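Trainee:
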Amino acid sequence: MFKNTRLSAMLAAVLFSVTAASALVSAPAFADAPAAGATAPAADAAAPAVDAAAAPAADAADAAAAPAGDAAAPAAAGSTEEVHNPYGIGAMWEEGDFVNKGTIIILALMSIGSWYIIITKLIDQQKIMRQSKEASAKFWKAPSIAAGSASLKEGSPFRFIAETGTKATQHHDGALLEQIDLSTWVTMQIQRAVDRVQSRLQDGLSFLATVGSTSPFIGLFGTVWGIYNALTAIGMSGNASIDKVAGPVGEALIMTAFGLFVAVPAVLGYNWLVRRNKSVMEDVRSFSADVHSVLISGAMSTSNAATGAKKAG
(Lines of atoms letter the chains of each structure in order from A and count residues from 1; the text may use other names and numbers.)
(Lines give C-alpha, C1' and ligand atoms only; values in the text may rest on other atoms or scores of the structure.)
Protein backbone atom coordinates (compact mmCIF):
# COMPACT_ATOMS: atom_id res chain seq x y z
CA MET A 1 0.00 0.00 0.00
CA PHE A 2 2.40 2.70 1.11
CA LYS A 3 6.00 1.97 2.04
CA ASN A 4 8.59 3.55 4.30
CA THR A 5 12.31 3.37 4.81
CA ARG A 6 12.63 1.99 8.34
CA LEU A 7 16.41 1.89 8.73
CA SER A 8 16.89 5.61 9.31
CA ALA A 9 14.09 5.66 11.90
CA MET A 10 15.61 2.69 13.75
CA LEU A 11 19.05 4.32 13.84
CA ALA A 12 17.56 7.58 15.09
CA ALA A 13 15.60 5.76 17.81
CA VAL A 14 18.66 3.84 19.02
CA LEU A 15 20.84 6.96 19.02
CA PHE A 16 18.27 9.03 20.91
CA SER A 17 17.64 6.35 23.52
CA VAL A 18 21.33 5.73 24.17
CA THR A 19 22.08 9.45 24.41
CA ALA A 20 19.20 10.12 26.79
CA ALA A 21 20.00 7.10 28.95
CA SER A 22 23.57 8.27 29.36
CA ALA A 23 22.21 11.43 31.01
CA LEU A 24 20.98 9.28 33.88
CA VAL A 25 24.51 8.18 34.72
CA SER A 26 25.62 9.91 37.88
CA ALA A 27 28.08 12.73 37.45
CA PRO A 28 31.54 12.14 38.93
CA ALA A 29 31.88 13.33 42.49
CA PHE A 30 34.35 15.99 43.45
CA ALA A 31 36.06 16.54 46.78
CA ASP A 32 37.97 19.55 48.01
CA ALA A 33 41.73 19.06 48.13
CA PRO A 34 43.36 19.67 51.52
CA ALA A 35 44.62 23.22 51.84
CA ALA A 36 48.33 23.88 52.15
CA GLY A 37 47.66 26.00 55.23
CA ALA A 38 46.59 22.91 57.17
CA THR A 39 50.17 22.45 58.34
CA ALA A 40 50.31 25.92 59.85
CA PRO A 41 49.68 24.79 63.46
CA ALA A 42 52.71 22.54 63.37
CA ALA A 43 54.89 25.38 62.12
CA ASP A 44 53.52 27.67 64.82
CA ALA A 45 54.33 25.12 67.47
CA ALA A 46 57.98 25.17 66.42
CA ALA A 47 58.16 28.97 66.55
CA PRO A 48 59.24 29.26 70.23
CA ALA A 49 62.49 27.46 69.35
CA VAL A 50 63.72 30.46 67.41
CA ASP A 51 66.54 32.29 69.22
CA ALA A 52 65.76 35.77 70.46
CA ALA A 53 68.79 37.16 68.67
CA ALA A 54 67.57 35.77 65.35
CA ALA A 55 64.01 37.08 65.85
CA PRO A 56 64.38 40.18 63.65
CA ALA A 57 65.78 38.10 60.79
CA ALA A 58 63.06 35.48 61.21
CA ASP A 59 60.38 38.16 61.29
CA ALA A 60 61.77 39.62 58.10
CA ALA A 61 61.81 36.21 56.43
CA ASP A 62 58.26 35.53 57.55
CA ALA A 63 57.15 38.91 56.22
CA ALA A 64 58.75 38.14 52.86
CA ALA A 65 57.21 34.65 52.65
CA ALA A 66 53.75 35.77 53.77
CA PRO A 67 52.61 37.24 50.39
CA ALA A 68 53.61 34.11 48.54
CA GLY A 69 51.82 31.90 51.08
CA ASP A 70 48.71 34.06 50.97
CA ALA A 71 48.71 33.95 47.17
CA ALA A 72 48.99 30.16 47.13
CA ALA A 73 46.26 29.65 49.72
CA PRO A 74 43.25 30.57 47.49
CA ALA A 75 44.54 28.36 44.70
CA ALA A 76 44.93 25.43 47.09
CA ALA A 77 41.52 26.05 48.64
CA GLY A 78 39.78 26.24 45.26
CA SER A 79 41.36 23.11 43.79
CA THR A 80 39.22 19.97 43.54
CA GLU A 81 40.01 16.42 42.61
CA GLU A 82 37.77 13.91 40.89
CA VAL A 83 36.63 11.04 43.08
CA HIS A 84 35.32 7.77 41.68
CA ASN A 85 31.55 7.48 42.14
CA PRO A 86 30.71 3.93 43.23
CA TYR A 87 27.02 4.37 42.41
CA GLY A 88 25.11 4.89 39.18
CA ILE A 89 23.99 2.90 36.16
CA GLY A 90 27.52 1.78 35.36
CA ALA A 91 28.11 0.40 38.85
CA MET A 92 24.63 -1.09 38.91
CA TRP A 93 25.32 -2.95 35.65
CA GLU A 94 28.71 -4.22 36.80
CA GLU A 95 27.67 -5.27 40.29
CA GLY A 96 23.99 -6.11 39.73
CA ASP A 97 22.55 -9.58 39.37
CA PHE A 98 20.55 -10.98 36.46
CA VAL A 99 17.33 -9.31 37.68
CA ASN A 100 18.87 -5.83 37.59
CA LYS A 101 20.47 -6.39 34.20
CA GLY A 102 17.30 -7.94 32.79
CA THR A 103 15.22 -4.97 33.96
CA ILE A 104 17.63 -2.49 32.37
CA ILE A 105 17.62 -4.44 29.08
CA ILE A 106 13.81 -4.61 28.98
CA LEU A 107 13.45 -0.89 29.63
CA ALA A 108 16.11 -0.09 27.02
CA LEU A 109 14.31 -2.21 24.40
CA MET A 110 11.01 -0.52 25.28
CA SER A 111 12.60 2.90 24.86
CA ILE A 112 14.15 2.03 21.50
CA GLY A 113 10.90 0.50 20.26
CA SER A 114 8.87 3.52 21.37
CA TRP A 115 11.09 6.03 19.60
CA TYR A 116 11.21 3.83 16.49
CA ILE A 117 7.41 3.72 16.29
CA ILE A 118 7.04 7.44 16.99
CA ILE A 119 9.52 8.36 14.25
CA THR A 120 8.12 5.95 11.66
CA LYS A 121 4.50 6.93 12.33
CA LEU A 122 5.38 10.60 11.96
CA ILE A 123 7.03 9.79 8.63
CA ASP A 124 3.92 7.88 7.51
CA GLN A 125 1.57 10.68 8.50
CA GLN A 126 3.68 13.36 6.87
CA LYS A 127 3.85 11.34 3.67
CA ILE A 128 0.07 10.86 3.55
CA MET A 129 -0.47 14.57 4.10
CA ARG A 130 1.74 15.32 1.09
CA GLN A 131 -0.08 12.67 -0.95
CA SER A 132 -3.41 14.21 0.02
CA LYS A 133 -2.31 17.53 -1.46
CA GLU A 134 -1.07 15.70 -4.56
CA ALA A 135 -4.42 13.95 -4.97
CA SER A 136 -6.29 17.24 -4.69
CA ALA A 137 -4.04 18.83 -7.31
CA LYS A 138 -3.85 16.00 -9.86
CA PHE A 139 -6.55 13.38 -9.39
CA TRP A 140 -9.67 15.47 -9.86
CA LYS A 141 -8.30 17.11 -12.98
CA ALA A 142 -8.01 13.75 -14.77
CA PRO A 143 -10.65 12.69 -17.35
CA SER A 144 -11.38 9.39 -15.58
CA ILE A 145 -10.82 7.50 -12.37
CA ALA A 146 -8.25 5.26 -14.06
CA ALA A 147 -6.31 8.24 -15.42
CA GLY A 148 -6.48 9.96 -12.05
CA SER A 149 -5.15 6.85 -10.32
CA ALA A 150 -2.26 6.66 -12.77
CA SER A 151 -1.32 10.25 -11.97
CA LEU A 152 -0.70 9.37 -8.31
CA LYS A 153 2.49 7.77 -7.00
CA GLU A 154 2.86 4.08 -6.36
CA GLY A 155 2.13 3.23 -2.74
CA SER A 156 -0.19 6.17 -2.22
CA PRO A 157 -3.26 5.24 -0.15
CA PHE A 158 -5.37 7.50 -2.35
CA ARG A 159 -4.30 5.58 -5.43
CA PHE A 160 -5.03 2.34 -3.60
CA ILE A 161 -8.57 3.48 -2.76
CA ALA A 162 -9.26 4.69 -6.30
CA GLU A 163 -7.96 1.47 -7.88
CA THR A 164 -10.00 -0.61 -5.41
CA GLY A 165 -13.18 1.25 -6.37
CA THR A 166 -12.43 0.87 -10.08
CA LYS A 167 -11.86 -2.87 -9.74
CA ALA A 168 -15.10 -3.20 -7.77
CA THR A 169 -17.09 -1.72 -10.66
CA GLN A 170 -15.34 -3.95 -13.20
CA HIS A 171 -15.73 -7.21 -11.30
CA HIS A 172 -19.32 -6.95 -10.21
CA ASP A 173 -20.35 -10.16 -11.89
CA GLY A 174 -21.11 -13.75 -10.99
CA ALA A 175 -24.22 -15.36 -9.56
CA LEU A 176 -23.46 -14.43 -5.97
CA LEU A 177 -22.18 -10.89 -6.56
CA GLU A 178 -25.13 -10.02 -8.79
CA GLN A 179 -27.35 -10.43 -5.76
CA ILE A 180 -25.65 -7.32 -4.32
CA ASP A 181 -26.42 -4.05 -6.03
CA LEU A 182 -23.50 -2.15 -7.52
CA SER A 183 -23.67 0.75 -5.07
CA THR A 184 -23.49 -1.53 -2.04
CA TRP A 185 -20.68 -3.58 -3.57
CA VAL A 186 -18.55 -0.51 -4.38
CA THR A 187 -19.26 0.95 -0.94
CA MET A 188 -18.08 -2.25 0.73
CA GLN A 189 -14.86 -2.44 -1.28
CA ILE A 190 -13.95 1.22 -0.75
CA GLN A 191 -14.69 0.96 2.97
CA ARG A 192 -12.43 -2.07 3.22
CA ALA A 193 -9.66 -0.12 1.51
CA VAL A 194 -10.12 2.77 3.95
CA ASP A 195 -10.04 0.34 6.87
CA ARG A 196 -6.75 -1.09 5.63
CA VAL A 197 -5.24 2.38 5.44
CA GLN A 198 -6.43 3.15 8.96
CA SER A 199 -5.12 -0.17 10.25
CA ARG A 200 -1.72 0.57 8.75
CA LEU A 201 -1.63 3.98 10.42
CA GLN A 202 -2.51 2.44 13.79
CA ASP A 203 0.23 -0.19 13.66
CA GLY A 204 2.47 0.15 16.68
CA LEU A 205 0.20 2.41 18.70
CA SER A 206 -0.80 -0.49 20.93
CA PHE A 207 2.90 -1.00 21.70
CA LEU A 208 3.19 2.64 22.78
CA ALA A 209 0.15 2.24 25.02
CA THR A 210 1.62 -0.91 26.55
CA VAL A 211 4.99 0.73 27.18
CA GLY A 212 3.38 3.81 28.70
CA SER A 213 1.32 1.75 31.13
CA THR A 214 3.85 -0.94 32.14
CA SER A 215 7.32 0.63 32.09
CA PRO A 216 6.83 2.60 35.36
CA PHE A 217 5.96 -0.65 37.14
CA ILE A 218 8.93 -2.44 35.59
CA GLY A 219 11.19 0.34 36.85
CA LEU A 220 9.52 0.15 40.27
CA PHE A 221 10.16 -3.59 40.36
CA GLY A 222 13.84 -2.93 39.70
CA THR A 223 13.87 -0.38 42.52
CA VAL A 224 12.24 -2.77 44.99
CA TRP A 225 14.67 -5.52 44.06
CA GLY A 226 17.65 -3.16 44.37
CA ILE A 227 16.54 -1.89 47.79
CA TYR A 228 16.03 -5.46 48.96
CA ASN A 229 19.56 -6.41 47.94
CA ALA A 230 20.99 -3.21 49.47
CA LEU A 231 19.26 -3.74 52.83
CA THR A 232 20.28 -7.38 52.86
CA ALA A 233 23.93 -6.45 52.31
CA ILE A 234 23.74 -3.75 55.00
CA GLY A 235 22.17 -6.16 57.47
CA MET A 236 24.86 -8.77 56.84
CA SER A 237 27.64 -6.22 57.27
CA GLY A 238 26.14 -4.84 60.46
CA ASN A 239 26.96 -1.25 59.47
CA ALA A 240 23.83 0.92 59.15
CA SER A 241 25.46 4.33 58.89
CA ILE A 242 23.95 6.89 56.54
CA ASP A 243 26.77 6.57 54.00
CA LYS A 244 26.18 2.83 53.78
CA VAL A 245 22.40 3.18 53.37
CA ALA A 246 21.98 6.26 51.16
CA GLY A 247 24.25 5.08 48.34
CA PRO A 248 22.69 1.66 47.57
CA VAL A 249 19.14 2.90 48.10
CA GLY A 250 19.72 5.93 45.86
CA GLU A 251 21.22 3.66 43.23
CA ALA A 252 18.11 1.48 43.31
CA LEU A 253 15.89 4.52 42.79
CA ILE A 254 17.56 5.07 39.41
CA MET A 255 15.43 2.21 38.09
CA THR A 256 12.24 4.13 38.89
CA ALA A 257 13.61 7.18 37.08
CA PHE A 258 14.53 4.98 34.12
CA GLY A 259 10.99 3.57 33.99
CA LEU A 260 9.49 7.06 33.97
CA PHE A 261 11.97 8.13 31.31
CA VAL A 262 10.64 5.33 29.09
CA ALA A 263 6.95 5.84 29.92
CA VAL A 264 6.55 9.60 29.47
CA PRO A 265 7.64 9.80 25.78
CA ALA A 266 5.52 6.73 24.97
CA VAL A 267 2.36 8.25 26.47
CA LEU A 268 2.91 11.67 24.90
CA GLY A 269 3.78 10.10 21.55
CA TYR A 270 0.68 7.90 21.63
CA ASN A 271 -1.68 10.81 22.27
CA TRP A 272 0.01 12.96 19.64
CA LEU A 273 -0.06 10.24 16.97
CA VAL A 274 -3.72 9.41 17.66
CA ARG A 275 -4.68 13.07 17.21
CA ARG A 276 -2.71 13.31 13.95
CA ASN A 277 -4.24 10.05 12.71
CA LYS A 278 -7.71 11.53 13.06
CA SER A 279 -6.70 14.48 10.89
CA VAL A 280 -5.15 12.20 8.26
CA MET A 281 -8.13 9.86 8.16
CA GLU A 282 -10.51 12.77 7.62
CA ASP A 283 -8.73 13.49 4.32
CA VAL A 284 -8.76 9.79 3.38
CA ARG A 285 -12.47 9.37 4.11
CA SER A 286 -13.38 12.55 2.24
CA PHE A 287 -11.45 11.32 -0.80
CA SER A 288 -13.06 7.86 -0.64
CA ALA A 289 -16.56 9.38 -0.42
CA ASP A 290 -15.90 11.52 -3.50
CA VAL A 291 -14.54 8.55 -5.44
CA HIS A 292 -17.56 6.49 -4.47
CA SER A 293 -19.94 9.19 -5.70
CA VAL A 294 -18.13 9.48 -9.02
CA LEU A 295 -18.06 5.73 -9.59
CA ILE A 296 -21.72 5.26 -8.78
CA SER A 297 -23.00 8.22 -10.74
CA GLY A 298 -20.85 7.35 -13.75
CA ALA A 299 -20.26 11.03 -14.42
CA MET A 300 -16.79 10.56 -15.79
CA SER A 301 -17.75 7.57 -17.91
CA THR A 302 -20.70 9.41 -19.38
CA SER A 303 -18.56 12.46 -20.07
CA ASN A 304 -15.94 10.33 -21.83
CA ALA A 305 -18.60 8.56 -23.91
CA ALA A 306 -20.12 11.86 -25.00
CA THR A 307 -16.74 13.24 -25.94
CA GLY A 308 -16.00 10.10 -27.99
CA ALA A 309 -19.30 10.35 -29.81
CA LYS A 310 -18.65 13.96 -30.73
CA LYS A 311 -15.22 13.08 -32.11
CA ALA A 312 -16.66 10.19 -34.10
CA GLY A 313 -19.38 12.43 -35.53
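Counting with mature numbering (1 follows the signal peptide of the UniProt record, and there is no 0), you get residues -31 to -1, 1 to 282 for the letters of the sequence shown. C-beta: ideal position from N, C-alpha, C; glycine also. Computed from a predicted structure; not experimentally measured.
Please check the pair I265 and S113, which I expect to be a contact at CB under 8 Å, by giving their CB distance rounded to whole angstroms.
Mentor: That pair is no contact at about 15 Å.
Trainee: From the DSSP output, in three-state form, read off I75 for me.
Mentor: DSSP places I75 in helix when its eight states are reduced to three.
Trainee: Are the beta-carbon atoms of A226 and G181 separated by less than 8 Å?
Mentor: For A226 and G181, no; Cβs fall outside 8 Å.
Trainee: Ignore the nearest five residues each way along the sequence and tell me which others in H261's own chain have a CB closer than 8 Å to its CB.
Mentor: Correct list, in chain order: G134, V155, T156, I159.
Trainee: For A202, count neighbouring Cβ atoms within 10 angstroms of its own Cβ and tell me buried if that reaches 16, exposed if not.
Mentor: Classification for A202: exposed.
Trainee: Excluding the 5 residues preceding and the 5 following F256 in the sequence, name in chain order all residues of the same chain whose CB lies nearer than 7 Å to its CB.
Mentor: So the list reads A104, F127, I130, once near-sequence residues are dropped.
Trainee: Would you kindly check if the distance between the Cβ of L170 and the Cβ of N246 is under 8 Å?
Mentor: Yes, they are a contact pair.
Trainee: Got a sec, what are the start and stop residues for the alpha helix (DSSP H) residue 285 sits in?
Mentor: No information on residue 285 is available, as it lies outside the stretch -31 to 282 that the chain covers here.
Trainee: I think S83 touches L177, with their Cβ atoms under 8 Å apart; what is that distance to the nearest whole Å?
Mentor: Going by Cβ atoms, the distance from S83 to L177 rounds to 6 Å, so yes, they are a contact pair.
Trainee: Can you list, in chain order, the residues of its chain with a C-beta nearer than 7 Å to that of V236? Leave out the 5 residues immediately preceding and following it.
Mentor: If we look at V236 and ignore the five residues flanking it on each side, its Cβ neighbours are G181.
Trainee: Run through DSSP, which three-state label would G173 get?
Mentor: Coil, per DSSP.
Trainee: With burial defined as no fewer than 16 other Cβ atoms inside 10 Å of the residue's Cβ, what is the status of L78: buried or exposed?
Mentor: Under this definition L78 is an exposed residue.
Trainee: How is I223 classed by DSSP in three states: helix, strand or coil?
Mentor: It is helical.
Trainee: Would you identify the three-state DSSP class for D66, choosing helix, strand or coil?
Mentor: In this structure, D66 counts as coil in the three-state DSSP scheme.
Trainee: Can you give the Cα-Cα distance for V263 and I149, rounded to whole angstroms?
Mentor: Distance between the alpha carbons of V263 and I149 is about 19 Å.
Trainee: Output needed for R254: all residues of its chain with C-beta closer than 8 Å, excluding positions within five of it in sequence on either side, in chain order.
Mentor: Excluding residues within five positions, the ones whose Cβ falls inside 8 Å are V163.
Trainee: Between R99 and P185, what straight-line distance do the alpha-carbon atoms span, to the nearest angstrom?
Mentor: Their backbone Cα atoms lie some 37 Å apart in a straight line.
Trainee: Give the straight-line distance between the Cα atoms of T179 and G238, rounded to the nearest whole angstrom.
Mentor: Rounded to whole angstroms, T179 to G238 spans 12 Å at the Cα level.
Trainee: Check whether the Cβ atoms of D259 and S101 lie closer than 8 Å to each other.
Mentor: Not in contact: D259 and S101 (Cβ atoms no closer than 8 Å).
Trainee: Would you please state the rounded distance, in angstroms, between the beta carbons of S120 and E132? I believe it to be under 8 Å.
Mentor: The pair is not a contact, with the Cβ atoms about 12 Å apart (cut-off 8 Å).
Trainee: For A221, is the classification buried or exposed, using 16 other Cβ atoms within 10 angstroms of its Cβ as the cut-off for buried?
Mentor: By the 10 Å Cβ count, A221 comes out buried.
Trainee: If you check the beta carbons only, do V218 and I97 fall under 8 Å apart?
Mentor: Against a cut-off of 8 Å, the Cβ pair of I97 and V218 comes out as no contact.
Trainee: What number of angstroms, rounded off, separates the C-alpha of T72 from the C-alpha of I88?
Mentor: Going by the C-alpha atoms only, they are around 24 Å apart.
Trainee: Suppose you measure from the CA of W109 to the CA of I92; what does that come to, to the nearest Å?
Mentor: Computed Cα separation, rounded: 26 Å.
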